[in-house]
Amino acid sequence: MIGDSTMASYPNPPADRPDLTGWGQVFHEFFGPEVTILNRALSGRSSKSFLAEGAWKKALTDKPDYVFIQFGHNDQPGKGDRATDPNGDFRDNLRRYIRETREARATPILVTP
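If you're matching positions, the sequence shown starts at 1395 in my numbering and goes up one per residue.
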């Protein structure tokens, strides 16, 4: 699983938000013990910054069977260096994630606008 804060896990949430939970944190509850869920989502990341920080490369080393891809919240204008153009690099980044997921012999699943 790769994405932003809405997907991320929060094992140590801040005291003022003890219930802070991304949906990826509880996703494993829908599967049996034979399924391993690796949540690599990071709060505050965009499709661009996740690549730039090397988080995508690290996620691929897990050799996943499926990759759930969720970006968009932090790609919008006004997000500084994280922002992307929806008809330009955002689309290109998603295509890259899809292509590289397939090259890794995994199945991409888009959960994104």
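Cβ atoms here follow ideal geometry from the backbone N, Cα and C, with glycine treated the same way. From a predicted model like this one, the values you see are computed outputs, not experimental measurements.
- If the five residues before and after Arg1490 are omitted, its C-beta is found closer than 8 angstroms to the C-beta atoms of Leu1445, all from its own chain and listed in chain order.
- Shown here, Thr1495 sits in a helix according to DSSP, grouped into three states.
- When the Cα atoms are used, Val1420 and Glu1428 turn out to be separated by approximately 16 angstroms.
- Residue burial annotation: Pro1480 is exposed, with fewer than 16 other C-beta atoms found within 10 angstroms of its C-beta.
- Annotated three-state conformation of Phe1425 is coil, per DSSP.
- Distance from the CA atom of Arg1476 to the CA atom of Ala1500, rounded to whole angstroms, is 26 angstroms.
- Under the 10 Å beta carbon count, Arg1496 is surrounded by fewer than 16 other beta carbons and is classified as exposed.
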